[in-house]
Structures are given as C-alpha cells and as structure tokens.
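**Q** Following this message is one structure expressed as structure tokens.
Numbering (my numbering), first residue to last: 9 to 265.
Next up, the structure:
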C-alpha cells in the first residue's frame, strides 16, 4: 500500500501538469471563434465570369499538349477561363481561348490571391513552398504562400499547379494550432492523436484513477460513512426484532412436545 501511495503521488504530479495543459488548450480551442480560426472571412468567393464564346477545340488542345490526356476541365481562373489538363506528366493550364500556357509563377499567384482577398491591405510577401510545413500540411504541394500586411497576418495558399486558393491561415489559426498541438501531444506534425506518447499518458491516467480509488476506500473509516450505514443498520435491527417472535413460537412448541 505504501508503494501504491508513493507511485500515486508522483504519477499525480507528472500527469497533473498534462491535465492542466489539456484543460487550458481545450478552453483556448473552445473560446476561439471558429470563423476566425478558419480565416474564411478573409477569402472572397470565386467571381462569376462569362465563359468564352468559342473555346479552343479538343483537337487543338490535344495538339498543344502533345501527350495523352487523362482529365480535362474547363474552369474560371480570375478574369479568364482556362483548361486544366491532366496528363501522366502532371497538370498544366491552357488559356481557353488561345491555348497559351498559363504558368502559376509568383506574380500570377499574387494576382490570384489579391483577387480572392477580402481586405484592402497590400501583400507583404510571396513565397513558394515545396515541402510540407505546419501551415501547408493539409494541402497539395507545391503552393505559393501569399501573406498580407493586415493585423491578423492573413495568408492565402495558392496552388502552384492549378492556381486555386487552397486555404487561408491567420494568427488566430496559429494560436489554435498551438493549442491543438498541446491537446493531442503531437509536437511535430500536429495531426495524430493515436501516437505512443498520448497512449502512454492515457494508460498512466487510468492507473492514476484506479490507484486513487484504492487509496480512497482504504482511507475511509466507519464514522466517515455513518450517515449511510446507520439507517441501514437500524432497518436491519428492526427486521431482526420483527422476526424474533415468529422464530420463537415453533421452538417453544417443540420444547413442549
């Protein structure tokens, strides 16, 4: 019992810190406005524009691409329509009217981001991201990271392949992401809550609760629960007294006989 008490004390100290982090991080995530976290207010819907009257024919597209086409999609891109052509080599964009290729470089990404940004602040930076980062871990790479000079540091992620705005991040999301990291205890990728660390802590928490119950029951005295036991004892005594005459009558009859 002394060993259980000693282990319970130190497990409680170590796990208590994590319990505090769980409580604080959970409160932060609950208190933050999910509309602000998603940065949806910083992104305008795609503008509706008229489709070209005479788009490039399929034969011309095949001629331009020069490879078997796996998928072909006509879609708006800012102020024009484009063909999004998928081949074994990847995805490329062609102007729907002229067939000219449309590369998504830094200048084009900036133009596309400004067109979808709901604010009036200027662009602070445009950076190409080819490897996963904390901000781009949920989108297909490569992307252009276009950050605006507003108070929330709103950042639009523009696909370097299709030109689509894949998402938006801001300081509210960055704070939420830190709380999420602390809550799921994934300090690297911030995605999984089925990793060995959190499983170990969960098992430790279960053991802490079990040992606490053992110590709790061992610490009770009868006087601590007299309010519960005394009425029951009184009821049992009344039952015994009520049964005593009925049990005594057959015994007396046997003695007489």
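Built from N, CA and C at the ideal position, the CB exists for glycine as well.
Per DSSP, residue 81 is paired with what?
**A** Its beta-bridge partners are 92.
**Q** Just to confirm my understanding: we take residue 114, look at its own chain, exclude 5 residues before and 5 after, and list those with CB closer than 6 Å. What are they?
**A** Contacts found: 134.
**Q** Evaluate residue 167 with the Cβ neighbour count: other Cβ atoms within 10 Å of its Cβ, from every protein chain shown; 16 or more gives buried, anything less gives exposed.
**A** Label assigned to residue 167: buried.
**Q** Are the CB atoms of residue 127 and residue 176 nearer to each other than 8 Å?
**A** Taking 8 Å as the Cβ cut-off, residue 127 and residue 176 do not qualify as a contacting pair.
**Q** Please name the residue, chosen from 106, 95, 47 and 23, that lies closest to residue 214 on a Cα-to-Cα basis.
**A** The shortest Cα separation from residue 214 among 106, 95, 47 and 23 belongs to 23.
**Q** Which one of 183, 98, 88 and 120 has the shortest CA to CA distance from residue 107?
**A** The option with the nearest alpha carbon to residue 107 is 88.
**Q** Could you tell me the distance, in whole angstroms, from the CA atom of residue 211 to the CA atom of residue 46?
**A** So the two alpha carbons sit approximately 33 Å from each other.
**Q** Terminal residues of the continuous beta strand (DSSP E) containing residue 174?
**A** Per DSSP, residue 174 belongs to the beta strand (DSSP E) from 173-177.
**Q** Report the residue from 138, 140, 120 and 139 whose alpha carbon sits nearest the alpha carbon of residue 131.
**A** Measuring from the Cα of residue 131, the nearest candidate turns out to be 120.
**Q** Cβ of residue 246 within 7 Å of any heavy atom in the ligand ZN?
**A** In terms of ligand content, the structure shown is empty, and the ligand ZN therefore cannot be addressed.
**Q** Smallest Cα separation from residue 129: which of 157, 153 and 136?
**A** Closest option to residue 129, Cα to Cα, is 157.
**Q** Less than 7 Å between C-beta atoms, sequence neighbours within five positions excluded: which residues of the same chain meet that for residue 151?
**A** Here the set comprises 137, 144, 165, 166, 167, 168 and 174.
**Q** Between which two residues does the beta strand (DSSP E) holding residue 119 run?
**A** Segment 114-124 is the alpha helix (DSSP H) holding residue 119; no beta strand (DSSP E) there.
**Q** Anyone know if the C-beta pair for residue 95 and residue 78 falls short of 8 Å?
**A** In this structure, residue 78 lies closer than 8 Å to residue 95 by Cβ.
**Q** Looking at the secondary structure, which residues open and close the beta strand (DSSP E) in which residue 132 lies?
**A** Counting along the chain, the beta strand (DSSP E) containing residue 132 begins and ends at 131-137.
**Q** Kindly list the residues whose CB is nearer than 6 Å to the CB of residue 171, restricted to its own chain and excluding five residues on each side of it in sequence; keep chain order.
**A** Excluding positions up to five away in sequence, the list reads 85, 112 and 120.
**Q** Determine, using beta carbons only, whether residue 102 and residue 69 come nearer to each other than 8 Å.
**A** Yes, these two residues count as a Cβ contact at 8 Å.
**Q** Residue range of the beta strand (DSSP E) that residue 166 falls in?
**A** From DSSP, the beta strand (DSSP E) with residue 166 extends over 163-167.
**Q** When DSSP labels each residue in this structure, what does residue 86 get in the three-state scheme?
**A** If DSSP states are grouped into helix, strand and coil, residue 86 belongs with coil.
**Q** The alpha helix (DSSP H) with residue 1 in it runs from where to where?
**A** One cannot answer for residue 1 here, as it falls past the ends of the chain, which runs 9 to 265.
**Q** In angstroms with no decimal places, state the Cα-to-Cα distance between residue 202 and residue 92.
**A** Rounded to whole angstroms, residue 202 to residue 92 spans 38 Å at the Cα level.
**Q** Is it true that the CB of residue 183 sits closer than 8 Å to the CB of residue 40?
**A** The answer is yes: Cβ separation under 8 Å.
**Q** Closer than 7 Å by C-beta to residue 189: which residues in its own chain qualify, once you throw out the five before and the five after it? Chain order, please.
**A** Result list for residue 189: 195 and 198, in chain order.
**Q** If distances are taken between C-alpha atoms only, which option among 26, 104, 153 and 90 comes closest to residue 64?
**A** Comparing Cα-Cα distances from residue 64 to each of 26, 104, 153 and 90, the minimum goes to 104.
**Q** Going by the CB atoms, is the gap between residue 19 and residue 216 shorter than 8 Å?
**A** Yes, Cβ-Cβ distance for residue 216 and residue 19 is below 8 Å.
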